[in-house]
Amino acid sequence: MWKWLHSYADPERAYKLSGTLLPWFSILAILLVGTGSIWGLLFAPTDYQQGDSYRIIFIHVPAASMSMAAYMGMAVASFIGLVWQIKSADWAAAAIAPIGAVITFIALLTGAAWGKPMWGTWWVWDARLTSELVLLFLYLGVISLYASFEDKVLAARAAGILAIVGVINIPIIKYSVDWWSSLHQPSTIKITEKSTMSTDMLYPLLINIFGFGMMIGAITLIRYRAEILARNGMRPWVRELAKAEEAK
Amino acid sequence: MTITTPSQVLLSANELTCIREERILFDELSFNINAGDIVQIEGPNGAGKTSLLRIIAGLSRPYAGEVEYLGENITRCRDEFNHDLLYFGHLAGVKSELTAEENLNFNLRISGYDDFDTTKLLAKVNLTGFEEALAGHLSAGQHRRTALARLQHTDCKIWILDEPFTAIDKKGVEELEHLFIAHAQSGGCVILTTHQDMSIINNDILRKVTLDYRFV
Amino acid sequence: MKRGISYTAAFMTLLQRDLRIAIRHRGDIFNPLLFFILVVTLFPLGIGPEPQVLTRVAPGIIWVAALLASMLSLERLFKADFSDGTLEQMLLSPQPLSLLVLAKVLAHWILTGVPLILVAPLLAVLLHLDSNSYGALMATLALGTPVLSLLGAIGVALTVGLRKGGVLLSLLILPLYIPVLIFATSAIDAAGLNLAYDGQLAILAAMLVGSLILAPFAIGASLRVSTN
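Respectively, the protein sequence lines represent chains A, B and C. Note that the first sequence ends on residue 248 in UniProt numbering; no numbers are left out. Note that the second sequence ends on residue 216 in UniProt numbering; no numbers are left out. Note that the third sequence ends on residue 228 in UniProt numbering; no numbers are left out.
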């Protein structure tokens, strides 16, 4: 574990590796999100209860599921950074945070837009919307803590501790909000039970969930590369890179 | 407590790099500190003297490199290291709401000592008659002396002192210098920064680590 | 020269020191308490004096005010020690840092949490809290406010070195306070309806135990970052 991690901890290698991965993530993201969205929005059958307004789930559900996954990713990166003192991991955490926050915000926005035709109001204190709102606050806390430290090495350590405290608290917050809310909607995709959705709706949804994951991966890689360059500005290899770029 | 012989390596700095706000203060700095050494870290303002002392004390984490105490990384043997470390920083660690006596009592007890006589110790730093005075009402020099009284009752091997002579009068400085020499001779080490010239500790017994101001 | 201080003695030394300093600075104890009382008295002025309405919202108001008062008072938890250097000495002490941190949080809770619990029944009278709910109110405050102090101290430890910590602190710790708020108010509501509320109390107790065990480590790690 330790050895394997360290070979990628070298900033230059991390930069190059992420450069190699970036096109693959980008292509997959465009293909999957394109297919899923077109299929979902244009070709999937109309819901017999909600009409066409249900189609927002092809954006809402992927965003909501990825908002949580991105937080987990950030926390894992922070944990690796804190415990094994690997700065490349800290930079990855710093790269994911704003993307996670935006995705969470999209999930909230689409959730509210879906609420209008379904419940007749933009906002309901539904358990999942509320948890999503709290998750957004947790993201914003990590981001502003990171921004508040001038020394980015310290910033990453502080934000990392907060992200880990957040991860321990998320299940507790989620549980308490679920318990508190009686307006809870039964979940529509279940892995163990038979899905209540028709397969024509399910496939584009699953494709979009996967596509959103790839998209977040691609944007994270772009931000990650920028973060590596910003933190290593004084290193010779970055200067050479800048010179080569200028010469072009 | 560990028994040390003269010239045994107590502390070693291995390729320490310190970066503050994207500026490299020092890079791959290595040195050893032996039992019996009095080491002065010198250099212009902003060269990273305080940063270096804080890294050696384990308060700051270096960007790269490590500090070893008796051959073991200080972050892995924090308890043993802290047991043998006396650190005196820019901030004296004296609370102005407490009296001189209460401050000294707290500082020693938090380090684990329970067999001391605060009146006697304060007398050694010329604070007789000020035991009951709130530290906030003491002069700057007396404030520092309250903190320095810790040096009178300690069995720590490693003394790390950041500008210990600030606001101390000439006689007080000499007394401190005698104290440092006695400590070094008994097998301890002193690492300090100062801008004042020392009168008793001369260059024969003083080792220097010099840091340059770097423009990067 | 002996180093015979036990963990308990070190803990008590720090606890006594913080209590002594607070007694010499009495304002620090009364200000959060006054804030708590003021916030609670503002609500009837804002939403009207009808007893039925107030009875309905009393648990929420008291608890939200308690969260805010706790956060406000926590902001100074490590500030003085940070700026006079005693915090550094604590980090370098041979005593376990989590033990020292726990002593500081306990001192803080005795100084701000306990007065808050004592004054709460008085405010409950002003808000026409259901007479069945008083026991639940006291029990939830007794179990909940230490959790607030422990969780809040993590945020305070993370921001103690920053110049503009105040607003940031609320963003860091208020989301973590949500579960305490939910279970505490629901216990009081349940008591008002003559329902059993020991389930909610058990969950609050579990949160207290969990944060007693985990928070000191997070606070210690955060302090090491802040003093870097």
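The beta-carbon is built from N, C-alpha and C at its ideal position, and this holds for glycine as well.
Q.
For B:Thr-166, which residues in the same chain have their Cβ closer than 7 Å to its Cβ, ignoring the five residues on either side in sequence?
A. Arg-144
Q | Cα-Cα separation between B:Asn-14 and B:Pro-62, rounded to whole angstroms | A | 10 Å
Q) Leaving out five residues before and five after A:Ala-113 in sequence, what residues of the same chain have Cβ atoms less than 7 Å from its Cβ? A) So the qualifying residues of the chain are Ile-56.
Q) Thinking just about the alpha-carbon of each residue, which of A:Pro-236, A:Glu-246, A:Ile-161 and A:Gly-36 is nearest to the one in A:Pro-11? A) A:Pro-236
Q. What is the residue span of the beta strand (DSSP E) that B:Tyr-69 lies within?
A. Per DSSP, the continuous beta strand (DSSP E) segment holding B:Tyr-69 begins and ends at 64–69.
Q: Whole angstroms is fine: what's the gap from C:Asp-18's alpha carbon to C:Lys-104's?
A: C-alpha separation (whole angstroms): 7 Å.
Q: Look up C:Ser-132 in the DSSP assignment and say whether it is helix, strand or coil.
A: Note on residue identity: the sequence assigns Asn, not Ser, to residue 132 of chain C. DSSP places C:Asn-132 in helix when its eight states are reduced to three.
Q.
Short of 7 Å Cβ to Cβ, which residues in the stretch 144–176 of chain A face chain B?
A. Glu-150, Asp-151 and Val-153
Q | Any C-beta of chain B under 7 Å from that of residue 229 of chain C | A | There is no way to answer for residue 229 of chain C, as the model of chain C reaches only from 1 to 228.
Q) Does the Cβ of C:Tyr-177 have 16 or more other Cβ atoms within 10 Å, making it buried, or fewer, making it exposed? A) buried
Q. How big is the Cα-Cα spacing for A:Pro-204 and A:Pro-62?
A. 11 Å
Q | Below-7 Å beta-carbon distance, C:Lys-2 vs any chain B residue | A | yes
(Q) Between the stretch 107–126 of chain A and the stretch 141–157 of chain A, can you find at least three pairs of beta-carbon atoms closer than 8 Å? (A) no
Q. Under the three-state reduction of DSSP, which class applies to A:Val-167: helix, strand or coil?
A. helix
**Q.** Residues of the stretch 90–102 of chain B whose Cβ lies closer than 8 Å to any Cβ of chain C, in chain order
**A.** Legend: CB atoms of the stretch 90–102 of chain B lying less than 8 Å from CB atoms of chain C belong to residues His-90, Leu-91, Ala-92, Gly-93, Val-94, Lys-95, Ser-96, Glu-97, Leu-98 and Glu-102.
Q. Just curious, the alpha helix (DSSP H) that A:Tyr-15 is in, first and last residue?
A. Its alpha helix (DSSP H) spans residues 11–38.
Q. Under 7 Å, do C:Thr-13 and B:Arg-150 count as touching if we go by C-beta distance?
A. no
Q: Mark C:Val-225 as exposed unless 16 or more other C-beta atoms lie within 10 angstroms of its C-beta, in which case mark it buried.
A: buried
Q: Return no unless some Cβ of chain A is closer than 7 Å to the Cβ of B:Glu-174.
A: At a cut-off of 7 Å between C-beta atoms, B:Glu-174 does not count as an interface residue with respect to chain A.
Q. Closest Cβ-Cβ distance between C:Ala-187 and chain A: below 7 Å?
A. no
Q.
Would B:Leu-16 and B:Ser-51 be called neighbours here (beta carbons separated by less than 7 Å)?
A. no
Q) Going by Cα to Cα distance, which pick from B:Asp-169, B:Gly-188 and B:Leu-121 is closest to B:Asp-197? A) It is B:Asp-169.
(Q) Helix, strand or coil for B:Leu-127? Go by DSSP, reduced to three states. (A) coil
Q) When the cut-off is 7 Å and only beta carbons count, does B:Arg-109 lie next to chain C? A) yes
Q: With a threshold of 16 other CB atoms inside 10 Å of the CB of A:His-184, please say whether the residue is buried or exposed.
A: Unreliable positioning characterises A:His-184 in this predicted model, as indicated by a pLDDT of 37, which lies under 50. A coordinate reading is not provided.
Q: Alpha carbon to alpha carbon, how far is B:Ala-64 from A:Glu-245? Give it in angstroms, no decimals.
A: Rounded to whole angstroms, A:Glu-245 and B:Ala-64 show a C-alpha spacing of 29 Å.
Q. Listed from N- to C-terminal order along the chain, which residues in the stretch 105–139 of chain A have their beta-carbon within a distance smaller than 8 Å of any beta-carbon of chain C?
A. Flagged, chain order: Val-134, Phe-137 and Leu-138.
Q | Spatially closest choice to A:Ala-70 from A:Thr-104, A:Ser-37 and A:Val-83, by CA coordinates | A | The shortest Cα separation from A:Ala-70 among A:Thr-104, A:Ser-37 and A:Val-83 belongs to A:Thr-104.
Q | C:Gln-95 classed as buried or exposed, judged by whether at least 16 other C-beta atoms fall within 10 angstroms | A | buried
**Q.** contact_flag[the stretch 145–164 of chain B, the stretch 84–91 of chain B] where n(CB pairs < 8 Å) is 3 or more
**A.** yes
Q: Ignoring anything shorter than 4 residues or poking outside the stretch 93–143 of chain B, list the alpha helix (DSSP H) runs there in chain order.
A: 100–110 and 118–124
Q) Is there at least one Cβ from chain C nearer than 7 Å to A:Ala-247's Cβ? A) no
Q | Collapsed DSSP secondary structure at C:Thr-86 in the structure displayed | A | Helix at C:Thr-86.
(Q) I need the straight-line Cα distance from B:Phe-180 to B:Ile-38, nearest angstrom please. (A) For the pair B:Phe-180 and B:Ile-38, the Cα-to-Cα distance works out to about 8 Å.
Q.
Let me confirm a value: B:Met-1 is counted as buried when at least 16 other C-beta atoms fall within 10 Å, else exposed. Which label applies?
A. Confidence at B:Met-1 is low in this model, with a pLDDT of 38, below 50, so its placement is unreliable and the value that follows should be read with caution. Within a 10 Å sphere around the beta-carbon of B:Met-1 sit fewer than 16 other beta-carbons, which makes this residue exposed.
**Q.** Close beta carbons around C:Leu-208, own chain, < 7 Å, minus the five adjacent residues each side
**A.** Here C:Leu-208 has Leu-143, Pro-146 and Val-147 as same chain residues with Cβ atoms under 7 Å from its own Cβ, once five neighbours each way along the sequence are excluded.
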